[in-house]
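For the record, the sequence lines run as chains A and B.
Residues 0 to 482, numbered by numbering that gives the first Met the number 0, are exactly what the first sequence covers, in order.
Residues 0 to 239, numbered by numbering that gives the first Met the number 0, are exactly what the second sequence covers, in order.
We put the CB at the ideal spot given by N, CA and C, even for glycine.
See below for the structure under consideration.
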Amino acid sequence: MGLRPTHVRTRLTLWYVSVLASLLILAWAGTCALLFWQLRSQLDHFSIQEIETVEGLFFFTPDGQLGVREDYHNHPESKEVIERFLEVRSPDGTVLFRNERLGNRALGGDPFPGEGIGGYSERSAPLSDGTRVRLVSRVHTLDGHPLLIRLAHSEEPLFSQLKELLLASLVVLPLVLVVAWISGYGLARRALSPIEQMARRAQEITPDKLDARLPNDDTDDELGQLARVFNQTLARLEQAFEQLRRFTSDASHELRTPLAMIRSVGEVGLQKDGTRAEYRDIIGSMLEEVNRLTSLIDNLLTISRADSGHIQLHRTVVPVIALAREAAGLLEILMEEKSLRLVLEGDEHAQVEGDCLFLRQALVNILHNAVKYSPVGEAISVRVRNGDANQVTIEIQDRGPGVPSEDHGRIFDRFYRVDKARWRESGGAGLGLSIAKWAVEAHGGSIGLTSEPNKGCTFRISLPSARAEAPALRRNGQKEAQT
Amino acid sequence: MPLRPDRSYKGNVHILVVEDEQKMAKALQEGLEADEYSVQVAYTGEEGFYLIQARPFDLVILDVMLPGRDGFEILATLRSRGIKTPVLLLTSRDTLEDRVRGLDTGADDYLVKPFAFPELLARTRALLRRARPGGSQRFKLADLEMNVAQRSVLRAGQPIELTAREFELLEYLFAEQGRVVSREMLARDIWKETSRQTPLDNVIDAQMARLRRKLDGQFERKLLHTVRGVGFVLREEDGS
Numbered sequence: 000m001g002l003r004p005t006h007v008r009t010r011l012t013l014w015y016v017s018v019l020a021s022l023l024i025l026a027w028a029g030t031c032a033l034l035f036w037q038l039r040s041q042l043d044h045f046s047i048q049e050i051e052t053v054e055g056l057f058f059f060t061p062d063g064q065l066g067v068r069e070d071y072h073n074h075p076e077s078k079e080v081i082e083r084f085l086e087v088r089s090p091d092g093t094v095l096f097r098n099e100r101l102g103n104r105a106l107g108g109d110p111f112p113g114e115g116i117g118g119y120s121e122r123s124a125p126l127s128d129g130t131r132v133r134l135v136s137r138v139h140t141l142d143g144h145p146l147l148i149r150l151a152h153s154e155e156p157l158f159s160q161l162k163e164l165l166l167a168s169l170v171v172l173p174l175v176l177v178v179a180w181i182s183g184y185g186l187a188r189r190a191l192s193p194i195e196q197m198a199r200r201a202q203e204i205t206p207d208k209l210d211a212r213l214p215n216d217d218t219d220d221e222l223g224q225l226a227r228v229f230n231q232t233l234a235r236l237e238q239a240f241e242q243l244r245r246f247t248s249d250a251s252h253e254l255r256t257p258l259a260m261i262r263s264v265g266e267v268g269l270q271k272d273g274t275r276a277e278y279r280d281i282i283g284s285m286l287e288e289v290n291r292l293t294s295l296i297d298n299l300l301t302i303s304r305a306d307s308g309h310i311q312l313h314r315t316v317v318p319v320i321a322l323a324r325e326a327a328g329l330l331e332i333l334m335e336e337k338s339l340r341l342v343l344e345g346d347e348h349a350q351v352e353g354d355c356l357f358l359r360q361a362l363v364n365i366l367h368n369a370v371k372y373s374p375v376g377e378a379i380s381v382r383v384r385n386g387d388a389n390q391v392t393i394e395i396q397d398r399g400p401g402v403p404s405e406d407h408g409r410i411f412d413r414f415y416r417v418d419k420a421r422w423r424e425s426g427g428a429g430l431g432l433s434i435a436k437w438a439v440e441a442h443g444g445s446i447g448l449t450s451e452p453n454k455g456c457t458f459r460i461s462l463p464s465a466r467a468e469a470p471a472l473r474r475n476g477q478k479e480a481q482t
Numbered sequence: 000m001p002l003r004p005d006r007s008y009k010g011n012v013h014i015l016v017v018e019d020e021q022k023m024a025k026a027l028q029e030g031l032e033a034d035e036y037s038v039q040v041a042y043t044g045e046e047g048f049y050l051i052q053a054r055p056f057d058l059v060i061l062d063v064m065l066p067g068r069d070g071f072e073i074l075a076t077l078r079s080r081g082i083k084t085p086v087l088l089l090t091s092r093d094t095l096e097d098r099v100r101g102l103d104t105g106a107d108d109y110l111v112k113p114f115a116f117p118e119l120l121a122r123t124r125a126l127l128r129r130a131r132p133g134g135s136q137r138f139k140l141a142d143l144e145m146n147v148a149q150r151s152v153l154r155a156g157q158p159i160e161l162t163a164r165e166f167e168l169l170e171y172l173f174a175e176q177g178r179v180v181s182r183e184m185l186a187r188d189i190w191k192e193t194s195r196q197t198p199l200d201n202v203i204d205a206q207m208a209r210l211r212r213k214l215d216g217q218f219e220r221k222l223l224h225t226v227r228g229v230g231f232v233l234r235e236e237d238g239s
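Pasting the structure below:
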C-alpha cells in the first residue's frame with residue numbers, strides 16, 4: 000500500500016520499535032497493576048489493625064446508644080487514622096454510628112449476607128459523593144449485641160500514585176522509543192549497507208560492462224552468498240554476451256563476403272560493354288553469391304530459432320542404422336565422385352526417439368564434412384553401437400587430414416573452419432557442425448571429436464536409446480512443446 | 000470463371016501481383032510477362048482487393064507483409080466472400096506456424112522469399128493447371144528420346160543406361176523442357192528434401208554433371224545446360 004515505507008531499513012526499524020513499544024507497555028502495565036495490588040493489600044492490612052483497635056473503643060451508653068471513646072482522637076497515630084471512615088450498623092442495617100469524617104455519607108450501603116462474619120470482608124466501593132474507598136467490614140459483638148463495623152480508607156492516594164507513574168511513563172516511554180529508533184535505524188543501515196553497495200554496483204553493470212562484479216562476495220554470511228550467486232550469474236551472462244557478440248560479428252563478416260563479391264562483380268561488369276554471354280556470366284556469378292547468402296541466412300535462422308528454443312521436435316522412434324543409411328545415400332554421389340568407400344556397420348536394432356529430420360541433418364552434416372576432407376579413394380566408416388547405459392553411439396570416421404588438437408574445442412563453434420583459405424571451394428560457412436551439435440544436444444545427446452593430425456577424424460555421437468529413456472524423453476518433449 | 004490455360008494462349012491468363020516492394024513487383028511482372036502471362040500489379044492490399052472484386056483473375060500472387068491490411072487479412076476476406084481464385088502467398092518468414100496459417104486461411108500455395116524465379120513459374124503453372132499433367136509417356140528433344148513406360152532413353156538411336164535417380168531427373172527436366180529448373184525444385188521434387196538447410200547443392204551438381212556426361216558426353220550438340228546461378232535447363236540451343 001501507499002503507506003508502506005520503501006526502505007527495508009525503515010521497515011525493519013519500524014517493526015523493531017513497535018515490538019519494543021508493545022513490550023514496554025505490557026511491562027509497564029504489569030508493574031502498575033502489581034504496585035496497585037500491593038498498595039491496596041497494605042491498606043487492607045492496615046484497616047484490619049485499625050478495626051481491631053476501634054473495636055475496643057465502642058461502648059453502649061446506659062440508654063442503649065452506641066458511643067466511642069473520644070480520647071482516641073487526641074492521639075492520632077497516623078494520617079490514616081484521621082483520614083479513615085468509620086461506620087457501624089446493626090445486623091438489620093440500621094446505622095448506629097458514623098464518624099465525623101464520614102459525616103452522613105453511607106459507607107457501602109446495606110449489609111450483604113455473611114458480611115464480616117467469621118473474618119474480614121474487603122471490597123472497593125465509591126461513597127455517595129464519588130470518593131473511591133477501600134472498605135473492610137467485621138462483625139463485632141459488644142455486650143451481646145452484634146455490630147457490623149465498617150472501616151474504610153480513601154483509595155485516591157493510590158490512584159494518584161498510579162497517575163504519577165503513568166505520567167512518568169508517558170515522558171519516559173517515547174524517549175526510550177526515540178533512542179531505540181535511532182539506534183535500531185543505525186544498526187539496520189549498517190547491516191544493510193552492503194546491499195546498498197551491491198545495488199549501486201549492480202546498477203552500473205550494463206551490457207558493455209559485464210566484467211564488473213559485486214563486492215562482498217568473500218564473506219561467508221548470507222550477503223556474501225547472495226553476492227557470489229549474483230556474480231556467478233553475471234559470469235554466465237558475460238559469457239553468453241561474448242558468444243553472441245562473436246556470433247554477430249562473425250555473421251556480419253560472413254554476410255559481407257558474398258555481398259562484396261556481388262558488388263564488385265556487378266560494378267566491374269558495368270564498367271565496360273560486354274557481349275551477351277559475358278553479361279549472362281556476370282549475372283550468373285552474382286546469383287551464385289545470392290544463393291550462398293540465402294543458404295547462409297537460412298542456416299542463421301535455424302540457429303537463432305534453436306537458440307531461442309522455438310524449434311519443436313517431432314519425436315518418433317528412429318532406427319539409427321536406417322537413418323545413417325539414408326543420410327549416406329543422400330551423399331552417395333559425392334562419395335562416388337571421389338571414389339570413397341562407405342563402411343556402414345552396427346546394431347540393426349539400435350533405436351532412438353527423436354525428430355528424424357533434425358537427426359538426419361546432423362548425420363548428413365557430419366558425413367558431408369567427412370566427404371569434403373577425405374582424400375580420393377579412402378574409406379569413411381560409420382559404426383552404430385547399442386552401448387551400455389542405454390546409449391546409442393554413432394561413430395563417423397574419416398581418413399582426412401584431421402584436426403589439430405588445439406582446435407578440437409572450437410570445431411563445433413559457429414563459423415569455425417579448420418582451413419580458412421579453402422572454405423569457398425568446399426562450400427560451407429562453417430555452420431554444419433554447430434547445427435549438428437545443436438540437433439544432437441536437443442535430443443539429450445552429446446557429440447565429440449577425437450582426431451590426430453594426418454590420421455583422420457572420428458566424430459562420436461551419443462544419444463539416449465529409445466526403449467529405456469522413453470519416459471524421460473517424453474517429459475522433455477512436453478517441455479519443448481510448451482516453449 | 001478461370002480461363003483454361005493453354006500454352007499457346009497464355010496471354011489470356013491474368014495474374015494479379017499484390018506486392019508493396021516496387022522492385023520486387025516489377026521483377027515479378029516482367030518475369031511473368033516474359034512467360035507470356037498478362038500481369039497486373041497492386042501495391043497495397045486495398046488496391047489488390049478492389050481489383051480482384053472488379054474483374055476475375057486466374058491467379059493472385061499475394062505478399063504477406065503489406066502495409067495496412069496484410070496478406071492474411073486480404074486472403075481471409077476474399078475467401079469469406081466466396082472468391083475462390085487460386086492464391087499463391089509470398090512471405091519472408093519461413094516458420095511452420097506461418098505456413099500453417101497461410102494454408103488454413105485458404106492459400107493454395109506458399110513460397111518463401113527469397114525464392115528462385117523458376118520455382119515461382121513452376122508453382123504458377125501448377126496452380127493454373129491444378130495438377131501436374133498426367134505425364135506424357137514419351138518425350139523427344141532433337142535426337143534425344145525418352146520412353147517413360149519402357150524406361151528407355153535413346154540418344155541418336157543409341158540406348159543410354161541411366162540409374163533410377165538419373166531417369167527421374169531426366170523425366171523432370173523433360174516435363175519442364177525449355178524452362179529453367181532450380182536446385183530448390185530438384186531438392187524438393189526429386190530428393191524429397193523439405194529442409195532448406197540440408198547441403199544438397201553439391202549433390203545435385205554432381206548428379207547433373209554425371210547425367211550430362213551420359214547424355215551429351217560425346218555429342219557435338221549439347222542438350223542439358225547449366226544456367227549459372229539459377230539452375231539447369233533441357234533445350235536444344237544454349238540460350239546465351
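Residue i, buried or exposed, once every other Cβ within 10 Å from all chains shown has been counted against 16
| i | result |
| --- | --- |
| proline 220/B | For the sequence presented, residue 220/B should be read as arginine rather than proline. Per the 10 Å Cβ criterion, exposed. |
| threonine 301/A | buried |
| glutamine 350/A | buried |
| isoleucine 181/A | exposed |
| asparagine 146/B | exposed |
| glutamine 202/A | exposed |
| histidine 367/A | buried |
| valine 178/A | exposed |
| lysine 478/A | Unreliable positioning characterises lysine 478/A in this predicted model, as indicated by a pLDDT of 40, which lies under 50. A coordinate reading is not provided. |
| phenylalanine 218/B | exposed |
| phenylalanine 240/A | exposed |
| aspartate 91/A | exposed |
| glutamate 163/A | exposed |
| histidine 144/A | exposed |
| arginine 199/A | exposed |
Own chain partners of residue i with C-beta closer than 6 Å, once the 5 adjacent residues on each side are dropped
| i | result |
| --- | --- |
| glutamate 268/A | The amino acid occupying residue 268/A in the given sequence is glycine; glutamate does not appear at that position. So the qualifying residues of the chain are Ile281. |
| serine 91/B | Lys112 |
| glycine 476/A | Residue confidence for glycine 476/A is low, a pLDDT of 41 falling below 50, so the modelled location carries little weight; the figure read from the coordinates is stated next. Within the same chain, glycine 476/A has close Cβ partners Arg314. |
| isoleucine 365/A | Ile395, Ala435 and Phe458 |
| glutamate 121/A | Asp43 and Val135 |
Contact under 8 Å by Cβ, residue i with residue j
| i | j | result |
| --- | --- | --- |
| glycine 70/B | aspartate 57/B | no |
| arginine 154/B | aspartate 142/B | yes |
| valine 381/A | leucine 329/A | no |
| arginine 314/A | glutamate 352/A | yes |
| leucine 15/B | isoleucine 73/B | no |
| alanine 226/A | methionine 197/A | yes |
| isoleucine 410/A | valine 402/A | yes |
| isoleucine 332/A | glutamine 157/B | no |
| leucine 362/A | leucine 299/A | no |
Other residues of its chain near residue i: CB distance less than 7 Å, five sequence neighbours each side excluded
| i | result |
| --- | --- |
| lysine 191/B | none |
| isoleucine 116/A | Val138 |
| serine 425/A | Here serine 425/A scores only 48 on pLDDT, less than 50, and its place in the model should not be relied on; the value that follows carries that caveat. Excluding sequence neighbours, serine 425/A sits near Lys371. |
Cutoff 8 Å; reference residue i; Cβ partners in own chain excluding five residues on either side
| i | result |
| --- | --- |
| arginine 421/A | Unreliable placement is indicated for arginine 421/A, whose pLDDT of 49 sits below 50; the coordinate value is still reported in the next sentence. Closer than 8 Å at Cβ, skipping near neighbours: no residue. |
The stretch 338-345 of chain A in contact with the stretch 375-383 of chain A per 3-pair CB rule at 8 Å: yes
Write down every uninterrupted run of the alpha helix (DSSP H) in the stretch 18-45 of chain B whose length is 4 residues or greater and which is fully enclosed by it, in chain order. 21-33
For the pair the stretch 24-43 of chain A and the stretch 147-163 of chain A, tell me if three or more CB-CB distances fall below 8 Å. yes
Between the stretch 219-234 of chain B and the stretch 179-186 of chain B, can you find at least three pairs of beta-carbon atoms closer than 8 Å? yes
Can you confirm whether the stretch 303-312 of chain A touches the stretch 438-446 of chain A when touching is taken to mean that 3 or more C-beta pairs between the two stretches lie within less than 8 Å? yes
Could I get the ranges of all uninterrupted beta strand (DSSP E) runs contained in the stretch 312-359 of chain A, with 3 residues as the minimum, in chain order? 315-318, 340-345 and 350-353
Quick one: any contact between the stretch 271-290 of chain A and the stretch 313-328 of chain A, if contact means 3 or more CB pairs under 8 Å? no
Does the stretch 380-395 of chain A come close enough to the stretch 450-467 of chain A to have 3 or more Cβ pairs within less than 8 Å? yes
My parser needs the beta strand (DSSP E) runs of 3 or more residues fully inside the stretch 140-223 of chain A; what are they? 144-153
Check whether the stretch 12-24 of chain A touches the stretch 205-217 of chain A, taking contact to mean three or more Cβ pairs, one atom from each stretch, closer than 8 Å. no
Considering only residues of the stretch 220-282 of chain A, which uninterrupted beta strand (DSSP E) runs meet the minimum length of 3 residues and lie entirely inside it, listed in chain order? none
Of all the beta strand (DSSP E) runs that stay within the bounds of the stretch 182-239 of chain B, which reach a length of 3 or more residues? 223-226 and 230-233
Would you say the stretch 99-114 of chain A touches the stretch 125-132 of chain A, given that touching needs at least three Cβ pairs under 8 Å? yes
Counting Cβ pairs closer than 8 Å, one from the stretch 73-91 of chain B and one from the stretch 100-109 of chain B, do we hit at least three? yes
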